[in-house]
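Inspection log for the structure reproduced underneath, given as structure tokens.
Residue numbers (this note's numbering), protein chains in the order written: chain A, 9 to 118; chain B, 19 to 1028; chain C, 9 to 424.
Written out as structure tokens, the structure is:
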């Protein structure tokens, strides 16, 4: 169970207070009507979904009711930072990060 | 039989039992006696009980092997009736007066089991045999399976509800110490002294771990006395919480751990007070794992006969419980450590037949000590087979080569009734493994050590592969100080001096995972690796012969490690045997990753208090009691309890709903509409923001006016609907559906906060602040006029889609003139705590008009008569406003591309033949279509039929005198007048005509009644 | 391939099981294949099997980074049913169910498909409307099912609580008698053995690290054992689809989420059917070994960790204790998580891609296991013909551009 630092509350709070809201930094097209169906479909549904560093939105719904961003490793679940909407992440994923992490999986398990 | 194996006091040891307090219990119906401090296992052994169960697959007789969580055989049904518990390990059940225990397998009894399969028949059931058989003829599989299932399971679940309750505690601490053996105890003391908040949890009934059965001295004290002093010291700290009988069962992300504390199980159900068990949900800054280690069994032929035990368990029964589980011992070991068992046995006055040591030249201090006692050591030998039926009678012993891989001498027979085995130790790396740390094989300890930490934890003592007591104490203390420092307490330096310990210096052990037999493995008598699931060495080798190579495949093919002991004893041997068969090293073969639970964890404890009425909160409106007093039936809508209908005495639901419907259209009805979501929206950009969220525009909505809006998701599908009112400059009130309230609020916040933070607008949920009483019907104005004198109610003053502030029955109210019935309607909102007052005032005022309270069912019928949709019932996440015939609500000239707009132009959204909302009128006026009925155009077609839509809402309309239905039908808007068919499950096919979805008052005149 | 039977078992028992044939070869990869299937789970192996069996394409390799059937095939709760709402999904899942019904004989490997029926419970009026709609649709599609009363539910599952006096009483259920469970590992092994016998190379412990393309056409895959050429590459890597897609520069409408499950200790038979409840978030069945197999809802966040959050398990066991109050004293033996690829419409993607010769079969969400045979069947057809199988057409990636989604959230819900 995740322990999430809410940058608004400036406290570490239990995951149960939050909900995940998808990939961060997807900007709504300014002129949706100018887009093709394919471009619009891409905006609507297609996601990075990386195995590794992911920038994502969280909502402190049972708390301050504020959205914020988190940089989280989707394999280790480590949260590397949380930051305000409008801010840029400090930790950026190299594509290699995902692949290295992926190789770290144990082979067999008992 | 009366505790034949109970020892009198043994010099140099102090047991943890109180022989003066007898405790009566039953085992398989037989009355037996143990003493205070016994576990069920020690009491059974004291009584000379040999067979405690039958194995899962072959029903072989099995005895007690271990003394703790590792026990594979002694699986018991404890207690009876509603309070019975299946599958407890006798080694972990504390004895209490009146305890009832029963073996879980064996028919008619464990001593005489008709299901017993051995020799030839056993050979017909190698691993995976069921994948290869029972296939022909195909139709007989369910019959075969019926018999397979008959043999399934260990104990039985109760059939009644659980009489006990379970609690949860959310805890935070600086340092959580898992295990209160030597390493854990000193770690806790250092951390506590440094000022850290410490929790120490241990699964046993008392702290001390292995020291409780130790004959060693620490600082000149008997180990148990040293433990007692240290525990007293810990209890003296205010910042330490000690939790005995508490198993840390799982290590989860971000240093979250689960502890199951057993509070009353050791007392018997009759003594239960408060909760039976308690789950501690602990968020720890630092964790010290001091969980100990499991002795590794030795795998030889018929090593499962009762009387083959773990060496450390034999010592534990002797030293801790004063029980000698036999009389003539053969000790089979690969290491110095187990020699202590021979010393303990000798000291207990029993015969040590021989120590069989696989090492060719054992030469440690303890070997010399044992020899000094006159005990024979057979170096370079192995027990290759145990013989006996329900009890070991003989050990067959042979000389092995230096690697322990082959027999190089004649076979000797040693008469004995107990074979104690030690193949070395395996660290209990389970919790470290839960964190994702990958265990590392270490040849020097012949075992896996915990892997590199992935969380704020470290392992110390035996679970880190440190077995010497002095090492455990030193490492534990250091870890305690270090963890405290990392958690912000102390300087990391040790405060307490290190203890003086007497111990033998140990010589290297030998790695021996499969003891050879004179026959090859495939032909030798079964050499068991996992006793609970009857997995043998030959089974593992067979799986390899069949081409399985991965540990996971072997485990799954043979079921190794899938028992309730989760392979605590067998897994390492099994993996080593696999590695050998593959010609690989152990680390090449795989690793051992354990998953929670460390030991089985009660469902009820994980569920906690959040069951029954606390499963989910119930939300009531301010008038709820009034409804209940009137005998209303309730419907669950989200968490809300809404009145469904108000039956009079003797009325059916149908009769009640008809009466309510007629009353509204003829005179006046009253509905509790308080559950509708209400969001207060303020800010200079409120209108702009709302306009972006709804399909229509609010930029020109004037003060005092309301507008109905539909909200889409960005995919263009209807998501919610409701009325939005302009309350003032930059101030709006948005109504949402009852079920959608929380989702809509989060949706608004999402867009404002993440996409348009420059829009200055704020949202507040005010659902619970207001109570809403809706009066509707031609006499609604007359009723309102009686209780409201300060609003001009005339039709052209207080118009449809207006709202007004005023006073109703002395209470400040906000009244909306909107309508979900098509009748003249006033939705009267007052602060929630005036709800019942206003409700009763309206009921009283309406009495002369026969005002009729109605529920959600009548509300549904009335709105369906008008063709008003209910989002979530008439829509399903795939419906656009156009599909609902609601193009009128989509603003065509809005400058901003509102949420969902672009998706309305996708090729599929503009496709002909989309499912569209229509009305259905059954040909037989009295037949009510079932909701969910599928619509077809051709009733005569064969299955599979071409389905064209389905009925979303359907009722009998008392006002119209016929049934009505709403449906979505492909291309429905252009099919008015066509006949469709609904083939039902009962064989009927109901014909209906597609009609307008507005059945009643299509011109909408009734709401303007004067 | 030597046939398995009671007779072969007897014969091998006589020779102490020393002469069993290997279940499959462990070949070295060839330089080049007609088709490479990335991912050796149930779906990938089934695809290989049907490519060889139905389409005669045997120059095929299945490349698996771990061991065969070690992903979600090994981690699911083995529920099989076909009572999906929309025609497209129902037909695909029912093709699968029909294949399940003869699968043990087809593969000569007992996958222990046990048609003990599936109950989907309804706890409120809207649940019941949805159940009626779904069951009616199923019936007219030729799929078995009926709406049953609480009393009938109690007959089917005697320990269930049908009292009206609980927080969310059971109002009824859909009942699909042909549904049930199967032995998950056996499915992968059976398909693997069958594919191997037809000449398919099963390459384990080999990870695909790249998808090599030339002028927009697939030419092969980079692996930890070197480059392997292929005219077609078919990716069936549930839980990692996004990662594999990225190797070809593609993004998918997929988010990978943890889905958790747990088993109890084995108990004597006490639940003879599969019981699922979307409204209270839990589902349960009992295995032939006696374990109660419990599934939870999908965790709220993306995750590849094969584990989720404890509170999800807590909530699921609350639901189970509500439905079966007697199970409160049973104990959880093991818990784990899988990684499921969720799509916006809770339906799979079986599709060609913008890269010629590259195909994806993914996005099965929580519903993959039950679809294994059908998925393999239609995907093999799609790959073989470079054209969607009729039952796969609706599941093309293009639907996310046109908007022709097949919204199965209601039927898929949290539970499978």
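Even glycine gets a Cβ: it sits at the ideal position worked out from N, Cα and C.
Being a predicted model, the structure only gives us computed values, none of them experimental.
- Chain-order list of chain B residues neighbouring residue 24(A): empty, with the shortest C-beta distance near 10 Å, by a criterion of under 8 Å.
- Per DSSP, the continuous beta strand (DSSP E) segment holding residue 88(A) begins and ends at 87-91.
- Contacts with chain C (Cβ-Cβ distance below 8 Å) from the stretch 223-244 of chain B involve no residue at all.
- Of the candidates 560(B), 211(B), 541(B), the residue whose Cα lies closest to the Cα of residue 29(C) is 560(B).
- Residue 75(A) reaches chain B at 767, 768, 771, 772, counting residues in chain order whose Cβ is nearer than 7 Å.
- Ranked by how close their Cα comes to the Cα of residue 109(C), the residues 307(C), 400(C), 379(C), 414(C) have 379(C) in first place.
- Taking a Cβ-Cβ threshold of 8 Å, the residues of chain A close to residue 924(B) are 45, 48, 49, in chain order.
- When only Cα atoms are considered, residue 881(B) and residue 909(B) end up about 24 Å apart.
- By the beta-carbon neighbour count (other beta carbons within 10 angstroms, threshold 16), residue 566(B) is buried.
- The residue among 273(B), 849(B), 319(B) with its C-alpha nearest the C-alpha of residue 303(B) is 273(B).
- In the three-state scheme derived from DSSP, where H, G and I count as helix and E and B as strand, residue 649(B) is classed as coil.
- Going by beta carbons, residue 595(B) and residue 547(B) fall inside the 8 Å limit.
- Rounded to whole angstroms, the separation of the alpha carbons of residue 140(B) and residue 358(C) is 46 Å.
- Contacts with chain C at 8 Å (Cβ-Cβ) do not include residue 33(A).
- For residue 286(C), the closest Cβ of chain B is not nearer than 8 Å.
- Excluding the 5 residues flanking it on each side, residue 88(A) has same chain C-beta neighbours closer than 6 Å at 79, 99, in chain order.
- Burial is judged here by how many other beta carbons sit within 10 angstroms of a residue's own beta carbon; residue 172(C) has fewer than 16 and is exposed.
- Sequence-distant partners of residue 335(C) (beyond 5 residues in either direction) whose C-beta falls short of 7 Å from its own C-beta, in its chain, are 300, 328, 329.
- Nearest Cα to residue 964(B) within the set 82(C), 148(C), 79(C), 91(C): 148(C).
- The beta carbon of residue 766(B) lies closer than 6 Å to those of 781 in the same chain, with the five residues before and after it left out.
- Neighbours of residue 62(A) across chain C, judged by C-beta separation under 7 Å: 310.
- Under DSSP, residue 744(B) takes part in a beta bridge, and its partners are 750(B).
- Taking a beta-carbon distance threshold of 8 Å, residue 260(C) counts as an interface residue toward chain A.
- In this structure residue 789(B) is buried. Its beta-carbon is surrounded by 16 or more other beta-carbon atoms within 10 angstroms.
- At a C-beta separation below 8 Å, residue 313(C) has these neighbours in chain A: 82, 83, 84, 85.
- Fewer than three beta-carbon pairs drawn from the stretch 336-343 of chain B and the stretch 422-431 of chain B are found closer than 8 Å, and the two stretches are therefore not classed as touching.
- The three-state reading of DSSP puts residue 60(B) in helix, counting H, G and I together.
- Contact of residue 834(B) with chain A is not assigned, every C-beta pair being separated by 8 Å or more.
- Taking 8 Å as the threshold, the shortest C-beta distance from residue 704(B) to chain A does not fall below it.
- Looking at 207(C), 332(C), 26(C), 21(C), the one whose alpha-carbon comes closest to that of residue 564(B) is 26(C).
- At a cut-off of 8 Å between beta-carbon atoms, residue 272(B) makes contact with chain A.
- Taken in chain order, the complete beta strand (DSSP E) segments of 3 residues or longer contained in the stretch 29-95 of chain B are 36-45, 48-54.
- For residue 571(B), the enclosing alpha helix (DSSP H) starts and ends at 569-576.
- For residue 263(C), the C-beta contacts it makes with chain A under 7 Å involve 55, 57, in order along the chain.
- Rounded to whole angstroms, the gap between the alpha carbons of residue 412(B) and residue 235(C) is 60 Å.
- Interface criterion met: the Cβ of residue 28(A) is under 8 Å from a Cβ in chain C.
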